[in-house]
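What follows is one structure encoded as structure tokens, with my remarks underneath.
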Amino acid sequence: MRALSLIVTLAFLAAPAHAQRAEPALQPQMRSTSFLAGVGNAMGWLGVQGEKYLGSGRMSLFGGLGYTPSVIEGDANGVTVAGGVRGYTAGVRHRGFLELSVAQIEVEQSCFAHCRRPYGPGLQAGYQYVANGGFTASLSGGVGYAPNGSGNAAGLMGLGFGYTWRR
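Written as structure tokens, this is what we have:
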């Protein structure tokens with residue numbers, strides 16, 4: 005009888021240890037591609053943006069295609085493109101990034117004829133959120149310069165929402 009109670013006691017002590025054994029942690033899948041729609045220089049003002057993550061997902065190449073509307077009659081308007089590279093901080097859902105791009109920096113206003121939309125290099129810092137299900141939000145701000153524009157630095161911004169695929 006004493007042996008039976010010892011076996012039962014050991015079985016009860018071993019059961020919680022077995023139940024608490026850690027499962028191997030699931031590694032989050034790495035980002036592959038993102039597609040966003042929104043507003044900003046790197047999205048072609050009002051437009052869309054595709055982004056391809058490289059290697060470990062801490063670097064990416066992106067391209068944007070959009071449209072610049074005229075705010076008032078006589079302002080420059082038309083199809084706009086952008087492209088660049090981003091470097092990301094570590095993180096699964098929340099990440100910071102630094103972006104170097106070539107995009108439309110300025111829009112001539114009240115020009116009526118021969119309106120220009122000068123392009124140039126830009127530098128932005130930003131934040132990206134990617135939910136487990138793929139929903140993605142991105143926010144950025146920075147500064148750019150259009151060599152053929154007004155000669156002054158101009159503020160840049162970006163706000164987009166979309167989806168990120170993982171591999």
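Per our numbering, numbering through the sequence shown is continuous, rising by one, with the last residue being 171.
Cβ coordinates follow ideal geometry from the N, Cα and C atoms, glycine included.
| Asked | Found |
| --- | --- |
| Look at the alpha carbon of residue 64 and the alpha carbon of residue 57, and state the distance between them as a whole number of angstroms. | 4 Å |
| For a test of the three-state rule: what should DSSP assign to residue 80, helix, strand or coil? | coil |
| Distance, Cα to Cα, residue 149 vs residue 106? | 10 Å |
| By how many angstroms is the C-alpha of residue 171 removed from the C-alpha of residue 160? | 31 Å |
| Which two residues bound the contiguous beta strand (DSSP E) that contains residue 38? | 35-44 |
| Let me make sure I understand the geometry here. Which of 62, 117, 53 has the alpha-carbon closest to that of residue 92? | 62 |
| Return the residue from the list 84, 124, 89 that minimises the CA-CA distance to residue 154. | 124 |
| Note down the Cα distance separating residue 35 from residue 54, rounded to an integer number of angstroms. | 13 Å |
| Can you tell me the Cβ-Cβ gap for residue 158 and residue 110, rounded? I've got them flagged as a contact below 8 Å. | 6 Å |
| Taking the alpha carbon of residue 33 as the point to measure from, which residue in 96, 69, 165, 140 has its own alpha carbon closest? | 96 |
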